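Positions in the sequence shown are counted from 1; adding 23 to them yields my numbering. By construction, the Cβ of each residue, glycine as well, lies at the ideal position given by its N, Cα and C atoms. As the structure is a computational prediction, the values presented were derived from the model and not from experiment. Report on the structure given below.
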Amino acid sequence: MTKIGIILGSTKPGRNGEAVAKWVYNIAKQREDAQFELVDVKDFDLPLYDEPYPAMMQQYTKEHTKK
């Protein structure tokens, strides 16, 4: 069976993508021709992506980002 990951691609505090990803997942899982899984990038060790502001603003709050 085909496996499809629905990627929740933001780790920022206050992210909106979680609700959208769950909505897509709940619709997709009704299909019987594929298996669907939520893949949340915050579950992986990606510390560069945990800042609350976009990088273009250069308002870093974490020491590992300021380096």
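- Glu74 counts as buried, since at least 16 other C-beta atoms from the protein chains shown sit within 10 angstroms of its C-beta.
- For Lys45, the closest alpha carbon among the candidates Leu31, Ile27, Arg54 and Tyr76 is that of Leu31.
- Taking 7 Å as the cut-off, the beta carbon of Tyr83 is found closer than this to the beta carbon of Lys89.
- Look at Thr88 here: in three-state DSSP terms it is helix.
- Excluding five sequence positions before and after Val62, the CB atoms of its chain that fall closer than 8 Å to its own CB belong to Gly28, Ile29, Ile30 and Leu31, given in chain order.
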